[in-house]
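Novice:
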Amino acid sequence: MAPGIQISQQIRFGDIDAYNHVNNVVFLQYLEDARVQMTYAELPGGGTFQSLVGSDLFTLVGRHEIEYLAPIAFRPTPIYVNIWVTNIGGSSFDFGYSITESDESIVFAQAATSMVLVSRTTGRPVRLSDEQRTALEAWIGEPVPFKRGAARPSTSATSEGNS
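Those letters in the sequence shown? Residues 143 to 305, by our numbering.
1. Can you give me the start and stop residues for the alpha helix (DSSP H) that residue 234 sits inside?
2. Leaving out five residues on either side along the sequence, give the residues of the same chain with a beta carbon under 8 Å from the beta carbon of residue 220.
3. Which residues in the same chain as residue 157 place their Cβ atom closer than 7 Å to its Cβ, once the five residues preceding and following it in sequence are excluded?
4. Cβ atoms of residue 251 and residue 211: under 8 Å apart, would you say?
5. Candidates 161, 162, 155 and 174: which alpha carbon is nearest residue 241's?
6. Rounded to whole angstroms, what is the Cα-Cα separation between residue 253 and residue 289?
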């Protein structure tokens with residue numbers, strides 16, 4: 143597993159859809175649970191990332207990408223969400239995830255989320271402080287190894303000269 147933390151996630155009966163597996167929307171809820179747990183996890187020097195964000199700022203999801211690799215059927219044993227930081231920008235940072243068996247023998251999904259730090263007063267992005275960067279760097283790891291590569295912006299036929 144990459145640096146970061148591992149969260150156990152119990153599958154609820156209501157997570158299962160008509161196809162007898164965890165619904166794709168529920169995967170995003172599992173990622174959200176892991177993000178919240180990570181922001182409240184104890185940092186090496188004490189405190190939490192959430193305490194560094196404080197009450198004047200908050201984080202917003204800017205983007206999600208998820209790749210489903212194996213279905214998850216209802217089961218009494220938990221699955222695990224591994225979460226780490228893959229990139230730190232000026233006012234944003236990216237999380238990487240894998241949803242796996244505890245020993246990572248099966249990877250059910252892998253995902254990435256871009257987060258933006260925002261001012262509650264202005265609603266505008268705010269640069270990460272040195273303390274926030276240091277906290278995020280404690281969890282830095284490799285980019286998510288998506289099977290098809292990272293998402294790319296689409297190009298229209300006219301922009302390629304095929305009009």
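Backbone N, C-alpha and C fix where the C-beta goes; we use that ideal spot for every residue, glycine too.
Note that this is a predicted model, so its numbers are computed, not measured.
Specialist: Answer, in terms of the structure:
1. Run containing residue 234: none in the alpha helix (DSSP H); it sits in the beta strand (DSSP E), 234–242.
2. 150, 151, 152, 153 and 244
3. 164, 165 and 168
4. Here residue 211 is near residue 251, since their CB atoms are less than 8 Å apart.
5. 174
6. 11 Å
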